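When we follow UniProt numbering, the leftmost residue of the sequence shown carries the number 1, and every step to the right adds one. A virtual CB, placed ideally from N, CA and C, is assigned to each residue, including glycine. Quick caveat: nothing in here was measured; it's all calculated off a predicted structure. Working notes, structure below.
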Amino acid sequence: MMDVERSSLCNCVVNFLLEENYVLTAFELLHELLDDGRDHHAIRLKEFFSDPSNFPPDQISRLNSLRVADPQSLLEEKEATQEKLALSEYELRLAQEDISKLKSELQKRVELSPTQLTESTPDAAGSPGSDLLKRKKDGSSFDLGPLNNNERRDLNCAVQEYLRLAGYRLTAMTFYEEVTDQNLDVWQNTPASVPDALRHYYYQYLSSTSEAAKEKVAMIRENESLLKSSEILNEEKGRLLKNKELADNQISGLTKSLETFQKDVKDKENQVQIR
């Protein structure tokens, strides 16, 4: 199930980057997926970038020059030190953000009473992206359409968080540079909102195209297959437990019979010795 979860989130990110025209980030993610051995997740990206109708010559040359920033190439060039420094600074900034968030959360918990904590937990109606989570819970599906500002901000931060947690550091840096109208370091939602935000967008995407609808059907069938397999395994486990219980009872009965038989033999031996 963990592989299915990971695959679903990766598909969400790929679709979001292509649909929202984050081309540079998508291009970097393509190569990091290939480097990571996840070719099956890079199929749509390879099809997109291999289609000449998607790019005029100037964009193609720009993307080709971007590939020079591949980690293996950087190790062979003088700019390797600068690249590593940039990554270190980026990771340091992320670590400082995490520390700041933890301190802020701890301070809030210290200041609030248990009753206030209970009352404040479900109150997410006014937070950015709450409309995303509400509609996800309602189970509604509709055409993708343009994203509103809150949705775009939440999804940008969710994608950034996903790329960071998945270890695609170069892609995360490219995405950070490509999103120019938002500070990705500031997000009121927690990392736990990442799957919800991405899945909601992905479900809208699935309802917007016939090709993606087939993917949705395939995912549903895969989930059903996994559930059936789980049920079969549980039934088999139950049968094995019953068989084990029967075997234990038989062993217990045989052990008692053996003890009785040994006692009878010993009694007869004693009687023979007395005579």
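- Contact between R44 and V14 holds, with the beta-carbon distance rounding to 6 Å and staying under 8 Å.
- CA-to-CA, the gap between R38 and E236 works out to about 33 Å.
- Cβ atoms of E151 and T25 stay farther apart than 8 Å, at about 18 Å.
- In terms of Cβ geometry, L29 and L17 form a close pair [threshold 8 Å].
- T255 and E269 have their C-alpha atoms roughly 21 Å apart.
- Taking all protein chains in view, the Cβ of N234 is surrounded by fewer than 16 other Cβ atoms within 10 Å, so the residue is classified as exposed.
- Within 10 angstroms of the beta-carbon of N11 lie 16 or more other beta-carbons, which makes it buried.
- From the listed residues A42, N156, D36, the smallest Cα separation to E20 is found for N156.
- Residues of the same chain with a CB within less than 6 Å of the CB of Y22, apart from the 5 flanking positions on each side, are E178 in chain order.
- Taken through DSSP and simplified to helix, strand or coil, L184 comes out as coil.
- The Cβ atoms of V159 and F175 lie closer than 8 Å to each other.
- In this structure, the CA atom of M173 is about 20 Å from the CA atom of H41.
- For N21, the three-state secondary structure derived from DSSP is coil.
- For the pair P52 and M219, the Cα-to-Cα distance works out to about 30 Å.
- R38 carries a coil assignment under DSSP once its states are collapsed to helix, strand and coil.
- Per DSSP, the continuous alpha helix (DSSP H) segment holding V159 begins and ends at 149-166.
- Inter-residue distance for E89 and S229 is about 46 Å (C-alpha atoms, whole angstroms).
- Under the three-state reduction of DSSP, V179 is assigned to coil, being neither helix nor strand.
- From the listed residues L184, L226, N149, the smallest Cα separation to E161 is found for L184.
- As the crow flies, the alpha-carbon of S225 is around 37 Å from that of Q250.
- Taking every protein chain shown into account, the CB of A166 has 16 or more other CB atoms within 10 angstroms, so this residue is buried.
- Of the residues assessed, R239 falls on the exposed side of the cut-off, its CB having fewer than 16 other CB atoms within 10 angstroms.
- Counting the other Cβ atoms within 10 Å of the Cβ of T171 gives 16 or more, which makes it buried.
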